[in-house]
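Right, one structure below, let's go through it.
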Ligand code: NAP
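In the working numbering, the protein residues as written are 1 to 284.
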């Protein structure tokens with residue numbers, strides 16, 4: 001590929017970043033369509049968020065994705081927040097035009113689209129969220145905004161669960177212990193693991209999954225590497241319907257790509273193209 005000043009430049013920034021599948025996924029879309037575009041991974045230390053954002057604008061990038069630990073910091077760094085970033089209070093997507101940075105969020109719509117594809121209803125659902133980090137915070141707001149009947153946040157550190165649930169209609173916070181896990185799971189329609197437990201490269205995993213013994217919920221893990229975490233394996237053995245983090249990753253990525261480039265994609269077609277490619281890539 002020969003690049004020019006017209007080439008659409010995009011990136012994903014985070015720390016760590018080596019594990020990110022985004023460059024592969026965006027690269028596959030660019031290559032498939034022959035777009036004059038590039039998408040690169042950049043490792044950006046936690047205290048360098050603003051420096052990277054300014055550099056991306058200076059270098060003429062049309063946008064970038066952000067992952068851990070930058071999603072919350074960007075809220076105060078970008079020039080403006082769009083409706084989504086403002087509603088979910090997390091920025092995973094920054095669109096740049098004429099040096100102006102607009103923060104957006106496609107994580108929430110990415111998961112909602114993935115759930116829609118599986119025909120999992122959110123309106124009226126009792127949702128159980130495990131974890132209270134950056135993604136969980138956005139999802140609590142997202143589920144509440146979409147009319148979930150309740151959103152219970154269970155976290156190792158109760159103060160963080162409280163901070164995430166505070167002021168959100170239908171949301172409440174609990175410490176992540178055996179009793180609360182079991183009791184909440186038994187009444188849940190949808191369970192979402194928003195912790196990195198069981199992820200490749202992470203030493204820790206759930207030590208006791210028996211809280212899944214007495215639930216009929218649809219079980220989702222945001223982790224996609226490994227393809228099936230012990231959490232999802234256990235749920236599947238109990239006969240529960242499950243989904244890993246790949247559908248969300250692809251859906252949020254395609255939404256971001258459109259925001260960066262203003263190109264319109266057939267999202268269904270691109271999803272069907274990327275899903276097997278990404279799956280194959282992970283088993284390399
Ligand atoms: P984060 O801000 O670092 O939050 C991590 C959460 O996990 C915190 O609530 C933390 O609890 C909890 N946790 C970590 N280790 C734990 C342990 N040993 N036991 C119990 N709880 C533990 O991370 P994030 O940005 O929200 O991301 C969460 C996960 O979602 C990651 O695995 C990430 O890769 C994944 N993700 C997937 C997608 C996708 O498209 N599929 C998109 C975004 C993120 P404390 O508060 O007590 O520390």
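C-beta: ideal position from N, C-alpha, C; glycine also.
- Counting other Cβ atoms within 10 Å of its Cβ, residue 200 stays below 16 and is therefore classed as exposed.
- According to the DSSP assignment, residue 39 belongs to the beta strand (DSSP E) that extends over 37-43.
- In this structure, the C-beta of residue 176 approaches the ligand NAP to less than 7 angstroms from one of its heavy atoms.
- The closest heavy atom of the ligand NAP lies less than 7 angstroms from the beta carbon of residue 252.
- Taken in chain order, the complete beta strand (DSSP E) segments of 3 or more residues contained in the segment 183-219 are 190-193.
- With a cutoff of 7 angstroms, residue 194 counts as near the ligand NAP, since its C-beta is closer than that to a heavy atom of the ligand.
- Taking the Cα positions, residue 76 is about 11 angstroms away from residue 53.
- Within 10 angstroms of the beta-carbon of residue 202 lie fewer than 16 other beta-carbons, which makes it exposed.
- Residue 107 sits close to residue 92, with the two beta carbons spaced by under 8 angstroms.
- When the Cα atoms are used, residue 56 and residue 94 turn out to be separated by approximately 10 angstroms.
- For residue 146, no beta strand (DSSP E) encloses it, and the DSSP letter there is neither H nor E.
- Less than 8 angstroms divides the Cβ of residue 251 from the Cβ of residue 110.
- Per DSSP, the unbroken alpha helix (DSSP H) holding residue 230 starts and ends at 230-237.
- By the Cβ criterion, the segment 60-71 is not in contact with the segment 210-229, since fewer than three pairs of Cβ atoms, one from each stretch, lie closer than 8 angstroms.
- Judged by DSSP secondary structure, residue 164 falls within the alpha helix (DSSP H) whose first and last residues are 158-165.
- Residue 192 and residue 104 have their C-alpha atoms some 22 angstroms from each other.
- Under the 8 angstroms Cβ criterion, the segment 207-218 does not count as touching the segment 165-173, having fewer than three qualifying pairs.
- The residues 254, in chain order, have a CB closer than 7 angstroms to that of residue 267 in the same chain once the five nearest residues on each side in sequence are set aside.
- Between residue 159 and residue 126 a beta carbon distance of about 24 angstroms is seen, past the 8 angstroms cut, so the two are scored as non-contacting.
- Within the segment 97-149, complete beta strand (DSSP E) segments of at least 3 residues are found at 100-104, 126-130, given in chain order.
- The C-beta separation of residue 101 from residue 78 comes to about 4 angstroms, placing the pair in contact by the 8 angstroms criterion.
- The alpha-carbon of residue 281 is positioned some 12 angstroms away from that of residue 246.
- With a cutoff of 7 angstroms, residue 73 does not count as near the ligand NAP, since its C-beta is closer than that to no heavy atom of the ligand.
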